[in-house]
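Taking our numbering, the leading residue of the sequence shown gets 441, the next gets one more, and so forth. In what follows, a single structure is set out as structure tokens and then discussed.
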Amino acid sequence: MSANLYRFKYDEYGNSREIISYASGDSASSCSYINKGTAFTREERVQFDLQGALPPGLRGIEAQVESSKIKVNEKVDDIEKYIFVRSLFDRNVTLAHALIKSDIEHYIKLIYTPTVSMAVQKYSSMFRQANGLHFYPGNIDRAEDILRRFSHRDIRVAVVTDNQGILGIGDQGAGGIAVCLGKLMLYTQGAGIAPWHCLPISLDVGTNNKGLLADKQYLGWRNERIEGEEYLSFVGRFVRAFRNVFPNALCQWEDFFQHNAFSINDAFADEIISFNDDIQGTGTATMAAILSAMKIKEEKLSQQVFLIHGAGVGGIGIAEQIFNCLLENGLSDEEASGRIFIIDSEGLITNERRFEFYKKKFAKDPEQFPWIKNIDKEDNLTIIQKSGTTALIGTSGQDYCFRKEVIEAIKKNTSKPLLLPLFHHISTPDTFCHNMRQWMDEGALVATSGPCASMDAMSESLQMSQCNNAFVSPGVGLGVLTSGAREVLPEFFTAAAHAISGMLSQAELDQGQLMPQVRDIRKVGEKVALAVAMSAVKNNVSRPCVYSDFQHNDDEWRMAKLIDKIRWNPGYLPLVPM
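Here it is, written out as structure tokens:
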């Protein structure tokens, strides 16, 4: 077992200082944490019995990165590039992260959106090496024993999915773990949480994807999804096992389908330190863009009216974050919800019809808004005209909600419309991009959910911001861990949104930029972590950091120092032979 090959030693801040290695020869070079490839020094080659196993020349990590870049650029498409980076990660985790860090704006598109969607769909056919844990009904009763196999890695963050709600592509069975792998690479890049402290986990409860069930190559549990009490019992058994083995670790829920996402996030909040990135991360990233827009418009948040297309996890998560910030601005619950309109697949959400429990707060009463009684509930143009919408947010993947006449209607309500097409597309139609360019030229403020082919082309000539969760979850996670908080409060995400928006200079705001640049993800992660940690202090939920001998003592300077020092930077650690 790999647990017998190495042991990490930590400094007073909880950062990795050196690796105690019990391995030699092939065992040393095949362990991704120990392996340095051609960067093994001459002394290490003797100490670990690697003489003759490597060519005599030495190549340091900088040269290895440059060599790896050449190999990546030789690949014919993004999925082949993804396979190379993932394979490198499995062989030499430090070099993989050094490569990613060398050009994060480029490599984030390979390890996460949009390429990860293709990797999810091809997971079984291109499977090479196991990475992470797969729980299914056949082994969930042994979850605690299985998790304990990873105790030597001092797990601090786990990203956990049930694979059903992969954004843009739905139920993908066992392939969803690829998203967890990618998200954890962002925790390392953005927050400096070392890869050995990260654990991707799939809760494989089956799939209702008929194509996967019929696919002979499919590697997941080949059954239809369990549901109801059986499903909740399965998740509950995992939660109890995780709490018993890693009581101080953060669990991020990822890509759960709507009602399960909300139910699980709420049901287990008191049992493990957890949050849902699709709900709270998406809401926070969007809120950061909105706060930046308010600075540009020189208007108050309480003066805006929001129309959200899509009432899934992302749409409701955005609505919840806007609601919380409106309360922070002094509005009552009724006043805050009255400024947020949501359209789902059946039209405007009102209390005249049935809807899921998590939409209740935003269901509109026709008695409060009489104009609702006389409109087509699916007519977003009329809703914009009657409600006075100033900000249009789309999470449903339907381009038509941003059609020309809709934007013209919003422009009658505000001179600077806020347009957030948060679609999870691999590419976006050229016509839509052309319209977006025109609206930006006319004063609209725009951010998208993440990179895609057409938007990338636009970004070369326009300040196209990315409303990307990568700015949120790494910093939130680091802030929770360093503050010692035993729960993740809504206030943490409001603090994170302000921190992200606060990263922008006045010059960047003057250019219409709503979010920081992806290349600054590590700086953003540090700023968010401190804001979250001090929010924990303010809300009396901070505790001593269990990972560090150096303690923050609820002091902001000490907290900032701990956050800075606990972060790992991709570089080879000293090896100590045993």
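Every residue gets a Cβ at the ideal spot worked out from N, C-alpha and C, and that includes glycine.
* Asked: Cα separation between Ile782 and Arg582?
  -> 43 Å
* To do: Tell me whether the beta-carbon of Val533 lies closer than 8 Å to the beta-carbon of Tyr473.
  => yes
* Asked: Going by other Cβ atoms of all chains shown within 10 Å of its Cβ, with 16 needed for buried, is Gln504 buried or exposed?
  -> buried
* To do: Please classify Leu498: is it buried, with 16 or more other beta-carbons within 10 angstroms of its beta-carbon, or exposed?
  => exposed
* Going along the chain, which residues of its own chain have a beta-carbon closer than 7 Å to the beta-carbon of Lys851, five neighbours each way excluded? -> Pro857
* Identify whether Leu944 lies in helix, strand or coil by the three-state DSSP scheme. => coil
* Asked: Lys813 and Ser777 look like a contact to me (Cβ under 8 Å); what is the Cβ gap, rounded to whole Å?
  -> Their Cβ separation, rounded to whole angstroms, is 19 Å, which puts Lys813 and Ser777 out of contact at 8 Å.
* **Where Arg779 sits in the DSSP three-state scheme** => coil
* To do: With 8 Å as the threshold, decide whether the Cβ of Val964 is near any Cβ in chain B.
  => Here there is only one protein chain, and chain B is not present.
* Beta-carbon gap between Val846 and Leu821 smaller than 8 Å -> yes
* When DSSP labels each residue in this structure, what does Trp693 get in the three-state scheme? -> strand
* Can you give, in chain order, each stretch of the alpha helix (DSSP H) that sits fully within the region 556 to 599 and has at least 4 residues? -> 583 to 588
* **Rounded straight-line distance, which links the Cα of Thr553 to that of Gly572** => 20 Å
* **Own chain partners of Gly686 with C-beta closer than 6 Å, once the 5 adjacent residues on each side are dropped** => The sequence given here has Phe at residue 686, not Gly. Excluding sequence neighbours, Phe686 sits near Ile595.
* To do: Excluding the 5 residues preceding and the 5 following Asp819 in the sequence, name in chain order all residues of the same chain whose CB lies nearer than 7 Å to its CB.
  => none
* To do: Whole angstroms is fine: what's the gap from Lys804's alpha carbon to Leu741's?
  => 20 Å
* Hey, quick one: how far does the alpha helix (DSSP H) through Thr815 stretch, first residue to last? -> According to the sequence displayed, residue 815 carries Ile and not Thr. No alpha helix (DSSP H) holds Ile815; DSSP gives it neither H nor E.
* **Span of the alpha helix (DSSP H) around His699** => Gln698 to Ala707
* **Simplified DSSP assignment, three categories, for Leu626** => helix
* Asked: Can Ala1000 and Gly915 be called in contact, C-beta distance under 8 Å?
  -> no
* State the start and end residues of the unbroken beta strand (DSSP E) segment that holds Phe746. => Phe746 to His749
* Would you decide whether Tyr627 is buried or exposed? Buried here means 16 or more other CB atoms lie within 10 Å of its CB. => buried
* Asked: Count the other CB atoms within 10 Å of the CB of Arg482; is the residue buried (16 or more) or exposed (fewer)?
  -> exposed
* Can you tell which of Pro861, Asn909, Cys873 and Gly721 has its C-alpha closest to the C-alpha of Ala887? -> Pro861
* Asked: What residue does the beta strand (DSSP E) around Asn716 start on, and which one ends it?
  -> Ile713 to Asn716
* To do: Provide the residue span of the alpha helix (DSSP H) that contains Leu1015, from first to last.
  => Looking at the DSSP string, Leu1015 is not in any alpha helix (DSSP H); the run it does join, the beta strand (DSSP E), is Leu1015 to Pro1017.
* To do: Return the CA-CA distance between Asn791 and Phe809, expressed in angstroms with no decimal places.
  => 12 Å
* Can you give me the start and stop residues for the beta strand (DSSP E) that Tyr450 sits inside? => Tyr446 to Tyr450
* **the region 600 to 612 contacting the region 642 to 660, beta-carbon criterion three pairs below 8 Å** => yes
* Uninterrupted alpha helix (DSSP H) stretches inside the region 639 to 679 (no shorter than 4 residues) -> 650 to 654
* Asked: Where DSSP assigns a beta bridge to Val886, which residues make up the other side?
  -> Leu859
* Asked: What number of angstroms, rounded off, separates the C-alpha of Ser542 from the C-alpha of Asp530?
  -> 19 Å
* Asked: Taking all protein chains shown into account, do 16 or more other C-beta atoms lie within 10 angstroms of the C-beta of Trp661, making it buried, or fewer, making it exposed?
  -> buried
* To do: Provide the residue(s) that pair with Ala831 in DSSP beta bridges, ordered along the chain.
  => Phe746 and Leu858
* **Assigned secondary structure, Phe488 (DSSP; H/G/I helix, E/B strand, else coil)** => coil
* Asked: Excluding five sequence neighbours on each side, which residues of the same chain lie with their C-beta closer than 7 Å to the C-beta of Phe678?
  -> Phe575, Ile580, Ala583 and Leu643
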